[in-house]
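J.:
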Amino acid sequence: MWHFRLWDVQDVAVFLSITLYMCHIAKAISIHSLQRSLTRSVQEDVLFSVDITCNEIATIQWTFMSGVVSRTIGTWQPGVYTNITVDYSSRVQPYENGSLGLSDLRLQDAGFYVVTVTEVAGSSKDAGFVLKVNEVLYEDLQYLSVTALLLACLAGLLMLAMWLLDKAYRKIAAWRHRKQMPENDATELQPL
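Heads up: the sequence shown at position 180 corresponds to 179 in numbering that gives the first Met the number 0, and the numbers run straight through without jumps.
Have a look at this one:
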């Protein structure tokens, strides 16, 4: 009886090895993040939290994009070098796991942030984040309330000044009137 074998043990081992290697290459870079859309207020800090895993030492690059501009924030290899652009040098904190911290937010910081992870072999992967920056309204209300308070104080001072000037005017007018009257006010009686 002749057994027809399609696969022998060595063929199966080679096939599994190749399959596992292909799966390993396909998952060479992974970027995980819990939150891709962030909303913060002006002057707050934001953390673009990512967890990057790859087989080799990767180069991490963060880029900012908006409707007006597209610029690189920084590039680094964990444990090797860090290169942050001059525009962001005082406000950016790079982390070893690929995360990026941005402090003292401005309205102009609203837009898209893209992290690009590139391995030495040339493979790369991108992940994007959306940052919305809100203007703080309570500062406007505070400014308005302080301005209204100052105007009310100024109006009160003007009313007090008008009242004092009116009193002074009446006293001066009464003093002048008394001064113009004759001192000997002799009244003659007329016979009836």
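Glycine is no exception: its CB is placed at the ideal position from the N, C-alpha and C atoms.
Consult DSSP for V66 and reduce its assignment to one of helix, strand or coil.
T.: For this step, residue 66 is matched to residue 67 along the sequence shown. First, the amino acid is wrong: residue 66 is Gly here, not Val. Three-state DSSP puts G66 in coil, outside helix and strand.
J.: With C-beta atoms as the reference, is I72 less than 8 Å away from G97?
T.: The residue given as residue 72 occupies position 73 in the sequence shown. The residue given as residue 97 occupies position 98 in the sequence shown. Between I72 and G97, the C-beta gap is not smaller than 8 Å, which leaves the two residues out of contact.
J.: Please state whether DSSP places R35 in a helix, a strand or coil.
T.: Numbered from 1 along the sequence shown, position 36 holds the residue referred to as residue 35. Three-state DSSP puts R35 in coil, outside helix and strand.
J.: So is P190 buried or exposed if we call it buried at 16+ other beta carbons inside 10 Å?
T.: In the sequence shown, the residue the question calls residue 190 occupies position 191. Exposed, because fewer than 16 other Cβ atoms sit within 10 Å of the Cβ of P190.
J.: Taking the beta strand (DSSP E) that V45 falls in, what are its first and last residues?
T.: The residue you call residue 45 lines up with position 46 of the sequence shown. Per DSSP, V45 belongs to the beta strand (DSSP E) from 45-47.
J.: For the beta strand (DSSP E) that S123 lies in, which residues bound it at each end?
T.: For the purposes of this step, residue 123 is taken as residue 124 along the sequence shown, with counting starting at 1. It spans 123-133 - the beta strand (DSSP E) in which S123 sits, taken as one unbroken run.
J.: Please report the distance separating the alpha-carbon of S192 from that of Q107.
T.: Outside the shown range of the chain (0 to 191) lies residue 192, about which nothing can therefore be said.
J.: Pick from K166, W162, S48: whose alpha carbon is nearest that of L101?
T.: Within the sequence shown, residue 101 is the residue found at index 102, counting from 1. Checking every option, the nearest Cα to that of L101 belongs to S48.
J.: Between R70 and the rest of its own chain, which residues show a CB-CB distance below 6 Å, the 5 nearest in sequence each way excluded?
T.: By one-based count along the sequence shown, residue 70 stands at place 71. F63.
J.: Do V91 and I51 have their C-beta atoms within less than 8 Å of each other?
T.: Taking the sequence shown and counting its residues from 1, one reaches residue 91 at position 92. Taking the sequence shown and counting its residues from 1, one reaches residue 51 at position 52. Cβ atoms of V91 and I51: not closer than 8 Å.
J.: For V68, count neighbouring Cβ atoms within 10 angstroms of its own Cβ and tell me buried if that reaches 16, exposed if not.
T.: Here residue 68 is taken as the residue at index 69 of the sequence shown, counted from 1. Per the 10 Å Cβ criterion, exposed.
J.: Along the beta strand (DSSP E) that carries I86, what are the first and last residues, could you check?
T.: Residue 86 sits at position 87 when you count from the first residue of the sequence shown. For the sequence presented, residue 86 should be read as Asp rather than Ile. No beta strand (DSSP E) holds D86; DSSP gives it neither H nor E.
J.: To which residues of the same chain is A57 closer than 6 Å at the C-beta, ignoring the five residues directly before and after it?
T.: Residue mapping note: residue 57 aligns to position 58 of the sequence shown, counting from 1. V116, E118.
J.: Looking at the structure shown, is L99 part of a helix, part of a strand, or coil, going by DSSP?
T.: Position 100 of the sequence shown, counted from the start, is the residue given in the question as residue 99. Shown here, L99 sits in a strand according to DSSP, grouped into three states.
J.: So, with DSSP's three-state summary, where would you put V41?
T.: Sequence index remark: in the sequence shown, residue 41 carries index 42 (1-based). Coil.
J.: CB-CB under 7 Å to Y198, same chain, minus the five flanking residues each way: which ones, in chain order?
T.: This structure does not reach residue 198, given that the chain is present from 0 up to 191, and the question cannot be answered.
J.: Looking at C-alpha atoms only, which residue of T146, V79, D139, A120 is the closest neighbour of E55?
T.: Residue numbering aside, residue 55 sits at position 56 when the sequence shown is read from its first letter. Taking only the C-alpha atoms, the option nearest E55 is A120.
J.: Can you give me the C-alpha to C-alpha distance between E134 and E43, rounded to a whole angstrom?
T.: Position 135 of the sequence shown, counting from 1, holds the residue named residue 134. Position 44 of the sequence shown, counting from 1, holds the residue named residue 43. Each residue's Cα considered, the two are about 11 Å apart.
J.: Cβ of Y112 within 8 Å of Cβ of W75?
T.: Counting from one through the sequence shown, the residue named residue 112 turns up at place 113. Counting from one through the sequence shown, the residue named residue 75 turns up at place 76. Taking 8 Å as the Cβ cut-off, Y112 and W75 do not qualify as a contacting pair.
J.: Quick one, which of L37, G110, D165 has its alpha-carbon nearest G66's?
T.: Indexing the sequence shown from 1 puts residue 66 at position 67. If we check each option's Cα against that of G66, G110 comes out closest.
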